[in-house]
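I have placed the structure first, in the form of structure tokens, so that the comments after it can refer back to it.
Residue numbers (the numbering used here): 2 to 362.
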């Protein structure tokens with residue numbers, strides 16, 4: 002078998018002029034050269050292009066297979082490994098493109114644009130691409146997330162797993178079973194929450210509002226017990242370190258605020274994996290709702306309580322467009338009842354008999 006570099010060089014450069022003006026590969030057998038010489042010029046060029054493309058593909062696949070494991074052991078990061086392998090493929094395809102240009106008689110100097118045109122192309126067309134590539138380099142260097150990490154785009158509230166990181170974009174496989182492709186320039190400007198950066202355990206918060214009449218110590222105890230009984234919640238153990246601080250591993254309930262409609266209790270708990278945040282949260286609330294059935298604990302809700310006393314001023318009530326007050330000394334309720342009876346006995350100012358007919362005046 003002829004080595005790939007030798008074959009590629011023979012296809013591109015080592016050719017034998019023929020009578021038809023075309024060039025046959027010098028390394029090919031005589032019968033191939035004979036057939037080659039009989040073909041029209043455009044067909045020969047197409048065949049040469051096909052051979053170059055096939056060789057470029059084979060060489061790129063071979064290099065990726067040979068260098069893949071070595072680069073993986075060296076970088077120890079899937080994103081850097083895949084980026085380096087893409088660079089190897091790009092170099093091979095660039096050489097193949099230049100070889101194809103040589104088949105059609107183009108030289109490298111013919112492809113060079115003037116300085117003004119080149120600057121315009123870079124400034125207008127390539128500026129966003131170059132910006133994304135530079136952002137991709139910074140992302141690979143800063144390592145805010147890695148392939149396989151679960152992240153959340155804080156502005157959009159979308160969570161998913163990082164599927165791929167290239168120099169131009171980041172591909173995210175969302176929890177809604179969709180792909181989200183975000184340019185690296187946009188990723189650098191957004192707030193990204195990484196749930197898999199250090200420890201897979203994630204701390205969550207749950208607010209529950211109870212009434213002021215509820216048994217507060219018992220309510221806090223029931224909330225903590227409900228969380229401990231849910232699968233996926235860290236029920237206890239050594240304190241979990243976050244930076245320079247250490248937090249209790251088990252669920253802990255605090256009094257967060259004395260609000261207008263009740264007392265807000267905040268539960269802080271850790272879950273083992275960040276993949277079922279909503280499911281764990283729902284199960285905790287369901288367990289607490291079942292636990293307070295026979296307890297002196299009630300959920301609070303927005304309401305308003307009006308109290309009337311001697312300092313509240315005069316009370317006015319409007320019924321059927323008529324207004325009654327307490328200023329004349331008569332009870333308001335008695336006056337309203339009397340007015341209702343009067344309205345029932347008259348229709349348009351006329352008296353009526355029990356049968357519904359008009360009474361004789």
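Beta carbons: idealized from backbone N, C-alpha and C, even for Gly.
When DSSP assignments are scanned along the region 131-170, the uninterrupted stretches of beta strand (DSSP E) that are 3 or more residues long and fall wholly within it turn out to be 151-154 and 159-166.
Cβ-Cβ distances below 6 angstroms link residue 255 to 267 in the same chain, with the five nearest sequence neighbours on each side left out; the list follows chain order. Just measuring C-alpha positions, the residue of 60, 87 and 105 sitting nearest residue 72 is 87. In the three-state reduction of the DSSP assignment, residue 58 falls in the helix class. Residue 176: not part of any alpha helix (DSSP H); DSSP gives it neither H nor E. Bridge partners of residue 184 according to DSSP: 170.
For residue 181, the closest C-alpha among the options 197, 159 and 194 is that of 159. In this structure residue 163 touches residue 148 by the C-beta definition: roughly 5 angstroms separates them, less than 8 angstroms. Looking at the DSSP output, residue 246 sits in a beta bridge with 243. By the criterion of at least three beta-carbon pairs nearer than 8 angstroms, the region 291-311 is not in contact with the region 268-281. With 16 or more other CB atoms across the displayed protein chains lying within 10 angstroms of its CB, residue 221 is buried.
The beta carbon of residue 172 lies closer than 7 angstroms to those of 164, 165, 180 and 182 in the same chain, with the five residues before and after it left out. For residue 305, there is no enclosing beta strand (DSSP E), as DSSP marks it with neither H nor E. When the Cα atoms are used, residue 303 and residue 278 turn out to be separated by approximately 27 angstroms. Within the same chain, and ignoring the five residues on either side of residue 229 in sequence, the residues whose Cβ sits closer than 7 angstroms to its Cβ are 236, 251 and 252. Residue 195 is a Cβ neighbour of residue 146, given a cutoff of 8 angstroms. Counting the other Cβ atoms within 10 Å of the Cβ of residue 227 gives 16 or more, which makes it buried.
For the 8 angstroms CB-CB criterion, residue 168 and residue 211 do not form a contact.
In this structure, DSSP gives residue 193 an extended state, which the three-state scheme calls strand. Non-local beta-carbon contacts of residue 150 in its own chain, meaning distances under 8 angstroms to residues more than five positions away in sequence, involve 162, 163, 195, 196, 197 and 198 in chain order.
Distance from the CA of residue 269 to the CA of residue 176, rounded to the nearest whole angstrom, comes to 24 angstroms. Inter-residue distance for residue 206 and residue 62 is about 49 angstroms (C-alpha atoms, whole angstroms). A distance below 8 angstroms between beta-carbons, with the five flanking residues on each side excluded, links residue 243 to the following residues of its chain, in chain order: 204. Comparing alpha carbon positions, the residue from 201, 306 and 289 closest to residue 300 is 289. Around the beta-carbon of residue 263, 16 or more other beta-carbon atoms lie within 10 Å, marking it buried. Residue 104 sits in a helix when the DSSP states are folded into three classes.
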